[in-house]
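Okay, structure first, notes after.
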Amino acid sequence: MKWFRSFAALALAVFALSGKSPALALSADGIAASVPQFESVATYVGPAPATQKVHLVVFLAYPNQAAVDSFAQTVNNPDSTSYGAFMTPDQFAATFAPSPSTYSTVEYLIAGAGIQVVQTYANRKVIDAVATVAQADAVFHTIISQYRYRNVTYYANSVPALVPSALKGIVMAVSGFNNFAQHFAQPPQVNNPLTTPLGYGPRDIETAYNEPIHAGGWTGSGVTIAIETAYDYLDNDASGYWSAFGVKRTGYLVRKFVDDPVPQGLPLPGQSDETTLDTEQTTSNAPGANVIVYEGVDPLNSTFDDMYEQTVIDPRVDVVTTSWGSCEAGSDPNEVAADNDLFEQGAAEGQTRFAAAGDNGSRDCGTNNPPDGLPGQPNPITVDFPSSSPWVGAAGGTTLVLNANRSIRSESAWSGGGGGFSQFFGLPRYQSIVQTLASTTWRNTPDVALDADPNTPYALFYLGSWGLAVGGTSCVAPGLAAMYAQIDQYWGHRLGLSQTGLYNGFRTRTYPGVAWHDIVSGSNGDYNAHPGYDNATGVGSLNGYRYMLQIPRTRGALPLFVRRAPWHR
Numbered sequence: 092m093k094w095f096r097s098f099a100a101l102a103l104a105v106f107a108l109s110g111k112s113p114a115l116a117l118s119a120d121g122i123a124a125s126v127p128q129f130e131s132v133a134t135y136v137g138p139a140p141a142t143q144k145v146h147l148v149v150f151l152a153y154p155n156q157a158a159v160d161s162f163a164q165t166v167n168n169p170d171s172t173s174y175g176a177f178m179t180p181d182q183f184a185a186t187f188a189p190s191p192s193t194y195s196t197v198e199y200l201i202a203g204a205g206i207q208v209v210q211t212y213a214n215r216k217v218i219d220a221v222a223t224v225a226q227a228d229a230v231f232h233t234i235i236s237q238y239r240y241r242n243v244t245y246y247a248n249s250v251p252a253l254v255p256s257a258l259k260g261i262v263m264a265v266s267g268f269n270n271f272a273q274h275f276a277q278p279p280q281v282n283n284p285l286t287t288p289l290g291y292g293p294r295d296i297e298t299a300y301n302e303p304i305h306a307g308g309w310t311g312s313g314v315t316i317a318i319e320t321a322y323d324y325l326d327n328d329a330s331g332y333w334s335a336f337g338v339k340r341t342g343y344l345v346r347k348f349v350d351d352p353v354p355q356g357l358p359l360p361g362q363s364d365e366t367t368l369d370t371e372q373t374t375s376n377a378p379g380a381n382v383i384v385y386e387g388v389d390p391l392n393s394t395f396d397d398m399y400e401q402t403v404i405d406p407r408v409d410v411v412t413t414s415w416g417s418c419e420a421g422s423d424p425n426e427v428a429a430d431n432d433l434f435e436q437g438a439a440e441g442q443t444r445f446a447a448a449g450d451n452g453s454r455d456c457g458t459n460n461p462p463d464g465l466p467g468q469p470n471p472i473t474v475d476f477p478s479s480s481p482w483v484g485a486a487g488g489t490t491l492v493l494n495a496n497r498s499i500r501s502e503s504a505w506s507g508g509g510g511g512f513s514q515f516f517g518l519p520r521y522q523s524i525v526q527t528l529a530s531t532t533w534r535n536t537p538d539v540a541l542d543a544d545p546n547t548p549y550a551l552f553y554l555g556s557w558g559l560a561v562g563g564t565s566c567v568a569p570g571l572a573a574m575y576a577q578i579d580q581y582w583g584h585r586l587g588l589s590q591t592g593l594y595n596g597f598r599t600r601t602y603p604g605v606a607w608h609d610i611v612s613g614s615n616g617d618y619n620a621h622p623g624y625d626n627a628t629g630v631g632s633l634n635g636y637r638y639m640l641q642i643p644r645t646r647g648a649l650p651l652f653v654r655r656a657p658w659h660r
């Protein structure tokens, strides 16, 4: 447990009120990956086969973390003269990335040990490799073993994996030593015996929240949204959804496979409902936006590590959404820090990122997802990662009841909406002006909330039928991404960190005014909704059009068409 506390102590300074941000990732004892906590309740089987292949993701540290922190904060600070002066991925790499020689050294040392390097990246932050168990054990001074838990056999490192001495201070984390730690996304469902949609459709949500598409016809045209997910979706499901609700798509929808083997069509029913939901929500609520579905073949943490890397270096991507995550209390702090670096790069480039805050209320680990739970305390008070990152907009949940004309009759905190405070990330500057936080030391979640209650569900066309209606914050993250695509189109450029706008009402003392719906009733378990910010619904829900108009204008942002010109040449 020593490494957990040491990481937390370092993280406390991140985004501190002083504005100073020391490096949060380099483990003083050179740990590359911690021991998964599930091993204390699993049955040890024996050593993993020496020739078994494992997919490793090697993260390099920034040479000057403080400079990265300073830049990312400055360009997302509306009080700065550099507000909105975001970098392109190439500019970021040229300014902040490890040097080409350092990157080559890491690659050379890995390959020299017999490990196959399968992917390198332009930002020189990540190296993908495939190793045998014997090679991984030898290079990273660990022991990969087999464990049996609930009738499933897993592999995992039984001792911490260590950074080789030659790479200390250069490599900050390595993931992939186990196939137990994984992301989850299972939207709460309601069976629908009808052959027509059950639940809210695009027009219901757009009208209730007065989104820019409803108020002024902004569709997200010219903006690109990335969906980060595992598994595939059916083209006919997406087109069937559009047809049923009269959605006129003008943007493109494409897949981007993250790792081999690529997901060929749908796997077992129930494994692709999340991807289908995210795709239908983003494409219908922002019908003019281009949507790239980044698909992993599985939900392993290492797969999502690669996904995060690939979205932040894609110059097309303006807005990102993911409905997948894992409870922070059960996460490897080294990997969390490495992923957070990628989200920070995205914010420095002006990307706006949303993640579901979780569907287990204030106790995100839950009791039904073994890889998420903690031995000895199966349901602790904790938040969800990546929504707990200060560079990610945490999407919480409400219970939304509409009148016949789609106006809001009532809205309260949904009992399952994730929220609380991080134990990894310190209080961000944008929350320091809020008076009603559960913690004045740590990052609080969620930031914002929309309808997520499965009792006030969203329609889902899945596997060719309307057999399900769904809820959960899995509906909120893609909905917010679509709304931000509309807003990006209106302003004509990227807006960066969503919290710049979400907390602007506290900065200007106009909250809640006409832009926010302050939620004052309901609870997510340990936190009640109340006037002002709360850890059940964040700043509340939004009047999208009014909210759009109060977002601070950026001073140095590049127009969308200027930034995109090189891509289309």
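Residue 191 in our numbering sits at position 100 of the sequence shown; the count goes up by one each step and never skips. Glycine is no exception: its CB is placed at the ideal position from the N, C-alpha and C atoms.
Determine the extent of the alpha helix (DSSP H) in which residue i is found, giving its start and end residues.
i    : result
R600 : No alpha helix (DSSP H) holds R600; DSSP gives it neither H nor E.
N269 : Note, N269: premise wrong, no alpha helix (DSSP H); not H, not E.
T373 : D364 to N376
R294 : P293 to A299
F177 : Careful: F177 lies outside any alpha helix (DSSP H) and carries neither H nor E.
I304 : P303 to G307
G331 : D326 to F336
G592 : Q590 to L593
D397 : N392 to V403
E130 : Careful: E130 lies outside any alpha helix (DSSP H) and carries neither H nor E.
Does any heavy atom of the ligand SAM sit closer than 7 Å to the C-beta of residue i?
i    : result
N595 : The ligand SAM is absent from the structure shown, which contains no ligands of any kind.
By Cβ distance, which residues of its chain are closer than 8 Å to residue i, with the 5 residues on each side in sequence left out?
i    : result
L200 : P255, A257 and L258
G666 : The question about residue 666 has no answer, for the chain in this structure spans 92 to 660.
P461 : Residue placement at P461 is poorly supported in this model, since its pLDDT is 49, which falls under 50; the coordinates still yield a value, given next. Counting only Cβ-Cβ distances below 8 Å, and skipping sequence neighbours, we find F129, Y240 and R241.
V221 : K144, V145, H146, L147, I206, Q207 and V209
Q219 : The sequence shown places Asp at residue 219, rather than the Gln named in the question. H146, L147, V148, V149, V208, V209, Q210, T211, D350 and D397, listed in sequence order.
I642 : I578, W582, L586, T591, G592 and N595
P393 : The amino acid occupying residue 393 in the given sequence is Ser; Pro does not appear at that position. The residues are H146, L147, V148, S266 and G267.
For residue i, count neighbouring Cβ atoms within 10 angstroms of its own Cβ and tell me buried if that reaches 16, exposed if not.
i    : result
A447 : buried
I524 : exposed
T443 : buried
A495 : exposed
G605 : Here residue 605 turns out to be Val, not Gly, going by the sequence shown. Answer is exposed; the Cβ neighbour count stays below 16.
Q182 : exposed
Q164 : buried
P251 : buried
K216 : buried
R520 : buried
V126 : buried
G137 : exposed
T223 : buried
A213 : exposed
Can you name the residues that DSSP bridges to residue i?
i    : result
G219 : Reading the sequence as shown, one finds Asp at residue 219 and not Gly. Looking at the DSSP assignment, D219 forms a beta bridge with V148 and Q210.
Y624 : For Y624, which the question treats as bridged, DSSP gives no partner whatsoever.
R346 : V384
V492 : S501
S632 : H608
I122 : L253
I318 : V384 and T412
F473 : The question names Phe, but residue 473 is Thr in the sequence shown. In DSSP, T473 forms a bridge with R454.
V262 : L151
S614 : N619
How far does the beta strand (DSSP E) with residue i in it extend, from its first residue to its last?
i    : result
S81  : Outside the shown range of the chain, which is 92 to 660, sits residue 81, and nothing can be said about it.
Y246 : V243 to N248
Y135 : T134 to P138
A158 : Per DSSP, A158 belongs to no beta strand (DSSP E); it is in the alpha helix (DSSP H), Q156 to V166.
V410 : V410 to T413
F445 : T443 to A447
By Cβ distance below 6 Å, which residues in the same chain neighbour residue i in space, the five residues on each side in sequence not counted?
i    : result
P569 : D369, Q372, T373 and T412
I304 : E297, T310 and Q577
V630 : V539, L593, W607 and Y624
Y575 : V410 and T443
Y602 : G596
Leaving out five residues on either side along the sequence, give the residues of the same chain with a beta carbon under 7 Å from the beta carbon of residue i.
i    : result
G292 : F336 and A550
G290 : P548, Y549, A550 and A560
C418 : D455, C456, D463, T473 and D475
F162 : A439
R644 : none
L117 : Note that L117 scores 43 on pLDDT, short of 50, meaning its location in the model is unreliable and no value can be drawn from it.
P622 : D609 and V611
Identify every run of the alpha helix (DSSP H) within the stretch 185–211, keeping only runs that are complete inside it and at least 4 residues long; order them along the chain. 191–203
- prompt: Which parts of the stretch 495–582 are runs of the beta strand (DSSP E), unbroken and 3 residues or longer, counting only runs that do not cross its ends?
  reply: 499–504, 511–517, 533–536, 539–542, 549–553 and 556–561
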